[in-house]
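Each number in the numbering used here corresponds to the 1-based position in the sequence shown with 938 added. Note sheet for the following structure.
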Amino acid sequence: MAYGKIKSDALIYDNSGSDVEIAISTIPTAAQVAAKGDASLDAAQTFTKGQRGEVTTLTGTSPAPDLDDSNNFTITTSGTTTFGLPTNVAVGQTGSIFIVYGGSHGVSFNTAYKFVGGHSGVTPTSTSGAIDRIDYIVQNAAAGYVCLTCNFTANYVV
């Protein structure tokens, strides 16, 4: 195997049949990328543009949100719905769960969900066409114990 240097002013690559040329001088160095302040996982950030998270759709009457999939979830009820134990929880993760009522369906929650005042649940709107929103933060994800601190913050009819 040969080792050495290649000197060039530009890179040319094939983009589905048409060549694209990039001047080497326009490719930022690692130091330039770091100085620009692009998002980093190990530093405090101040975002100067809007940040968006996807909203993952849950289905069925026994949804168990996988918190690795998203921070935000939505479900349209198709019958009495019991939220199962969330998986892949991480302390500090926050998000929202939107419950859109496809009919006058009841909603209940696994005991892992902890509500304001220590209540084991909340009284959902349960009105066809209504939407409830639960905002959550994962407080504790120690072995065998999951706690989503939740609070219904909005219930409205569209």
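The beta-carbon is built from N, C-alpha and C at its ideal position, and this holds for glycine as well.
(message) At the level of alpha carbons, what is the spacing between ASP952 and ILE965?
(response) 18 Å
(request) Kindly give me the distance between the Cβ atoms of ASP947 and ILE962, rounded to whole angstroms, as I take these residues to be in contact under 8 Å. (result) 6 Å
(message) So for SER1046, helix, strand or coil by DSSP?
(response) strand
(request) Report all residues from its chain with a CB closer than 7 Å to the CB of HIS1043; omit the five preceding and five following residues, and keep chain order. (result) THR1015, GLY1017, THR1018, THR1019, SER1064
(message) So, for SER927: in the same chain, excluding its five sequence neighbours on each side, which residues have a beta-carbon less than 6 Å away from its beta-carbon?
(response) Nothing can be reported for residue 927: it is not among the residues displayed for the chain, which extend from 939 to 1096.
(request) Could you check which residue in ALA1079, SER1046, GLN1031 has the C-alpha nearest to that of ASN1009? (result) GLN1031
(request) Please report the residue range of the beta strand (DSSP E) in which SER956 lies. (result) 956 to 961
(request) Report the three-state DSSP secondary structure of GLN1031 (helix, strand or coil). (result) coil
(message) Using DSSP's beta-bridge definition, name the partner residues of ASP1026.
(response) Reading off the sequence shown, one finds Asn at residue 1026, where the question assumed Asp. Bridge partners of ASN1026: none, in fact.
(request) Compare the Cα-Cα distances from VAL1045 to each of ILE1013, LYS943, ALA981, VAL958 and report the closest residue. (result) ILE1013
(message) Our contact map puts ALA1002 next to THR1025 with C-beta atoms below 8 Å; I'd like the distance itself, whole angstroms only.
(response) 6 Å
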